[in-house]
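Number of protein chains: 2
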Amino acid sequence: MSSDLYRVIAGIKPVSVEWRRKAKDYLDQLAIPRGSLGDLLAIAEQLSGVQETLKPSVKRKVVVTMAGDHGIVSEGVSAFPQEVTPQMVSNFVRGGAAINVLAEVAGARVVVVDMGVAADLSALAREGKILSYKIDQGTRNMAMGPAMTREQAERALESGIEIVGGLVREGVDLLATGDMGIGNTTPSSAILAVLSGRPVGQVTGRGTGISDQALENKIRAIEKAIDINLPDPKDPVDVLARVGGFEIGGIAGVILGAAYYRVPVVVDGFISTAGALLARALAPDSVQYMIAAHRSLEYGHQFMLEELGLKPLLNLNLRLGEGTGAALAMNIVESAAQVICKMLTFQDAGVDGPGI
Amino acid sequence: MSSDLYRVIAGIKPVSVEWRRKAKDYLDQLAIPRGSLGDLLAIAEQLSGVQETLKPSVKRKVVVTMAGDHGIVSEGVSAFPQEVTPQMVSNFVRGGAAINVLAEVAGARVVVVDMGVAADLSALAREGKILSYKIDQGTRNMAMGPAMTREQAERALESGIEIVGGLVREGVDLLATGDMGIGNTTPSSAILAVLSGRPVGQVTGRGTGISDQALENKIRAIEKAIDINLPDPKDPVDVLARVGGFEIGGIAGVILGAAYYRVPVVVDGFISTAGALLARALAPDSVQYMIAAHRSLEYGHQFMLEELGLKPLLNLNLRLGEGTGAALAMNIVESAAQVICKMLTFQDAGVDGPGI
Chain E
6 MSSDLYRVIA
16 GIKPVSVEWR
26 RKAKDYLDQL
36 AIPRGSLGDL
46 LAIAEQLSGV
56 QETLKPSVKR
66 KVVVTMAGDH
76 GIVSEGVSAF
86 PQEVTPQMVS
96 NFVRGGAAIN
106 VLAEVAGARV
116 VVVDMGVAAD
126 LSALAREGKI
136 LSYKIDQGTR
146 NMAMGPAMTR
156 EQAERALESG
166 IEIVGGLVRE
176 GVDLLATGDM
186 GIGNTTPSSA
196 ILAVLSGRPV
206 GQVTGRGTGI
216 SDQALENKIR
226 AIEKAIDINL
236 PDPKDPVDVL
246 ARVGGFEIGG
256 IAGVILGAAY
266 YRVPVVVDGF
276 ISTAGALLAR
286 ALAPDSVQYM
296 IAAHRSLEYG
306 HQFMLEELGL
316 KPLLNLNLRL
326 GEGTGAALAM
336 NIVESAAQVI
346 CKMLTFQDAG
356 VDGPGI
Chain X
6 MSSDLYRVIA
16 GIKPVSVEWR
26 RKAKDYLDQL
36 AIPRGSLGDL
46 LAIAEQLSGV
56 QETLKPSVKR
66 KVVVTMAGDH
76 GIVSEGVSAF
86 PQEVTPQMVS
96 NFVRGGAAIN
106 VLAEVAGARV
116 VVVDMGVAAD
126 LSALAREGKI
136 LSYKIDQGTR
146 NMAMGPAMTR
156 EQAERALESG
166 IEIVGGLVRE
176 GVDLLATGDM
186 GIGNTTPSSA
196 ILAVLSGRPV
206 GQVTGRGTGI
216 SDQALENKIR
226 AIEKAIDINL
236 PDPKDPVDVL
246 ARVGGFEIGG
256 IAGVILGAAY
266 YRVPVVVDGF
276 ISTAGALLAR
286 ALAPDSVQYM
296 IAAHRSLEYG
306 HQFMLEELGL
316 KPLLNLNLRL
326 GEGTGAALAM
336 NIVESAAQVI
346 CKMLTFQDAG
356 VDGPGI
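Chains as they are written, first to last, in this note's numbering: chain E, 6 to 361; chain X, 6 to 361.
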């Protein structure tokens with residue numbers, strides 16, 4: 006299987022510079038003061054470069070929400086019990102969660118994936134309500150040893166790629182990532198610390214809202230996980246295996262798949278951007294297919310965005326995950342696509358240009 | 006007519022504190038880490054307070070785009086010729102402008118109003134493609150005397166209120182403001198300077214993109230207008246008459262109407278927020294019905310938002326007007342409404358709460 010992974014990684018090409026330039030030239034002719042639609046123009050340019058057209062389409066939208074559990078929760082790193090992961094998956098299936106509501110407003114479908122929830126979700130998978138790519142019943146406690154094997158890490162990445170392949174065959178033209186997993190800010194901070202070289206204390210935040218004391222404990226648990234596992238920052242699969250999570254690997258795979266199939270991908274908050282860091286480390290050009298949805302309130306997220314060189318579209322003090330920020334940002338992305346697809350130029354609209 | 010204006014102003018009541026509190030209590034029970042949906046929760050609370058319900062509706066959306074011309078353009082304050090105002094109105098009617106495209110994505114209708122364009126738009130009004138509340142063929146040059154009479158200023162305000170009254174009877178439950186008028190950052194800066202007491206040089210920007218020299222000239226023109234007219238900052242109608250614009254008065258009227266009829270109103274960028282400053286000065290409680298769409302790149306906008314105590318939802322480096330930022334923000338507002346209307350609580354979803 007892993008040969009498929011490395012074939013996809015090798016197949017990721019940069020976004021078309023020529024189509025980006027064509028798009029910029031065209032956008033400069035729209036009947037507006039030049040540049041006055043700000044970030045929408047930058048997104049329109051990116052979409053044109055990704056899809057190699059002046060009429061990019063982002064009509065068929067999917068949020069892929071990846072769920073997994075984490076052995077590290079036994080160290081007391083989260084405010085919520087692990088049972089909440091499968092409970093929230095059930096809530097996603099019922100349509101009662103934030104991601105359902107926000108995706109509906111965005112006109113997006115939510116695809117929920119069991120990447121490794123520590124509960125039996127096979128009934129939901131059989132009913133077609135979730136996809137099952139379950140690797141194990143949660144990762145192992147990374148403070149005691151590797152979170153998963155290298156083979157499991159590769160499988161997590163390949164799962165995301167495979168899911169995107171299926172969605173692309175269905176005609177999906179805009180993807181977004183999301184996550185669910187009690188404790189998953191902990192491996193996300195660990196991945197950020199390892200890949201960026203920043204101290205754990207700087208990149209670790211309160212997640213769902215833990216106390217000062219619990220935060221100290223969380224930082225120590227991450228430091229211990231890194232000390233014990235010694236993940237190799239030059240080998241992203243090793244980092245995922247030693248201090249990552251199944252759903253984080255799945256998200257990285259979704260992003261790699263999006264880049265491979267030339268579909269723009271809206272990256273949600275802290276956990277999704279940890280996946281984006283792994284994707285970029287595996288395939289540097291994949292970053293050109295990413296759109297950063299928002300800046301999360303989770304403290305370390307700013308450093309992730311900085312690492313990737315991405316400017317987030319929204320800053321709404323969100324810190325939920327599930328793909329909620331990405332769903333909100335999809336509307337902005339669609340707006341940008343419509344700007345280049347439908348607006349008239351000065352000439353076509355019969356509007357005079359600037360005189361001075 | 007003006008008795009109607011002052012009746013409406015007197016009829017504006019604060020947003021319900023009780024319903025805001027009920028909304029907050031309910032939102033705290035949703036199956037998410039408390040507060041983790043950030044600004045969406047604040048908007049949901051506001052919508053509940055405005056509409057006095059836990060199921061606020063923002064389904065029928067209208068952007069009111071007010072157009073007018075400005076005598077001050079003869080001082081060379083804009084990069085574009087005045088003819089662009091009616092040309093852009095034609096573009097709005099054809100559906101080729103940014104506001105058409107963005108409103109469509111938001112699911113909003115655009116209502117274009119001729120408040121005082123210096124061109125004959127009566128054919129468009131007869132065909133029902135725009136509303137005509139034309140007060141005059143543009144304002145007079147405020148660097149030479151008052152932009153309009155006090156009666157005209159009152160008519161501009163009443164026009165906006167009347168338009169909202171009609172829309173509310175049609176069932177509209179979310180309003181947004183927009184503007185079109187070559188030269189209209191100039192009166193907007195003047196209004197900000199007068200109402201805030203800030204120096205003209207601090208609150209005046211490049212509008213559609215003028216040179217350093219043209220900016221110096223624009224600042225001098227505004228200073229001259231204020232020196233000659235001596236608008237009374239304690240009398241907002243006087244400020245509008247002396248250094249305002251017809252479409253700015255119309256926008257202020259839309260906001261007053263929204264507050265009177267208890268409809269939330271999304272305020273666009275620099276020109277719309279100048280209208281919002283006038284509305285707040287006339288009816289302090291009207292600010293509770295406003296939602297600041299975005300922070301414009303036009304330099305003075307930050308001071309307007311500061312004056313009003315409003316936090317903008319978006320920061321996308323927009324500086325176009327037309328209602329474009331407001332249209333983009335409408336989707337966030339609808340998302341907030343759906344959060345309180347449709348999400349499940351911990352109890353209903355069978356999800357455990359935080360354990361530590």
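Glycine included, each C-beta is placed from N, C-alpha and C at the ideal position.
Here the structure is a predicted model, which means the values were calculated and not measured.
Residue range 306 to 313 is occupied by the alpha helix (DSSP H) that includes residue 309 of chain X.
Ranked by how close their Cα comes to the Cα of residue 230 of chain E, the residues E/205, E/128 and E/268 have E/205 in first place. When DSSP states are grouped into helix, strand and coil, residue 185 of chain E belongs to the strand group.
Counting the other Cβ atoms within 10 Å of the Cβ of residue 8 of chain X gives fewer than 16, which makes it exposed. Chain E places a beta carbon closer than 9 Å to that of residue 302 of chain X, counting this residue as a contact. For residue 70 of chain E, the uninterrupted beta strand (DSSP E) run begins and ends at 66 to 73, by DSSP.
Secondary-structure assignment with DSSP links residue 295 of chain X through a beta bridge to X/270. About 23 Å separates the CB atoms of residue 76 of chain E and residue 182 of chain E; that is not less than 8 Å, and the two are not in contact.
Annotation: residue 332 of chain E to residue 161 of chain X spans about 39 Å, alpha carbon to alpha carbon. The Cβ neighbour count for residue 131 of chain X, taken over all protein chains shown within 10 Å, is under 16; the residue is labelled exposed. Between the alpha carbons of residue 100 of chain X and residue 106 of chain X lies a distance of about 7 Å. Excluding the 5 residues flanking it on each side, residue 349 of chain E has same chain C-beta neighbours closer than 7 Å at 36, in chain order.
In terms of beta-carbon proximity, residue 357 of chain E lines the interface with chain X, with at least one pair separated by less than 9 Å. A straight line joining the alpha-carbon of residue 339 of chain E with that of residue 347 of chain E spans about 12 Å. For residue 114 of chain E, the enclosing beta strand (DSSP E) starts and ends at 113 to 121. In this structure residue 127 of chain X is exposed. Its beta-carbon is surrounded by fewer than 16 other beta-carbon atoms within 10 angstroms.
Boundaries of the alpha helix (DSSP H) harbouring residue 206 of chain E: 205 to 208, taken from the DSSP string. Less than 9 Å divides the Cβ of residue 214 of chain X from the Cβ of residue 359 of chain E. At a C-beta separation below 8 Å, residue 298 of chain X has no neighbours in chain E, since its nearest C-beta there lies roughly 12 Å away.
Chain X has no Cβ within less than 9 Å of the Cβ of residue 280 of chain E.
Nearest to residue 329 of chain X by C-alpha distance, out of E/236, E/74, E/154 and E/42, is E/42.
Nearest CB-CB separation between residue 329 of chain E and chain X: below the 9 Å threshold. For residue 92 of chain X, the uninterrupted alpha helix (DSSP H) segment begins and ends at 89 to 99. Nearest Cα to residue 91 of chain X within the set X/216, X/184 and X/242: X/184.
Non-local C-beta neighbours of residue 123 of chain X in its own chain, meaning closer than 8 Å and more than five positions away in sequence, comprise 74, 87, 90, 91, 142 and 143, ordered along the chain. The secondary-structure analysis by DSSP pairs residue 137 of chain X across a beta bridge with X/119. In the three-state DSSP reduction, residue 350 of chain E falls in the strand class (E or B). Within 10 angstroms of the beta-carbon of residue 154 of chain E lie fewer than 16 other beta-carbons, which makes it exposed. Counting C-beta atoms within 10 angstroms of its own C-beta, residue 264 of chain E has 16 or more neighbours from the protein chains shown and is therefore classed as buried.
Residues of the region 208 to 230 of chain E that bring their beta carbon within less than 9 Å of a beta carbon in chain X comprise 212, 213, 214, 215, 216 and 219, in sequence order.
Contact annotation for residue 66 of chain E against chain X: no contact, minimum CB-CB distance about 12 Å [criterion: below 8 Å]. DSSP places residue 287 of chain X within a helical segment (H, G or I) once states are collapsed to three. Legend: CB atoms of the region 75 to 99 of chain E lying less than 9 Å from CB atoms of chain X belong to residues 81, 83, 84, 85, 86, 88, 89, 92, 93, 95, 96 and 99.
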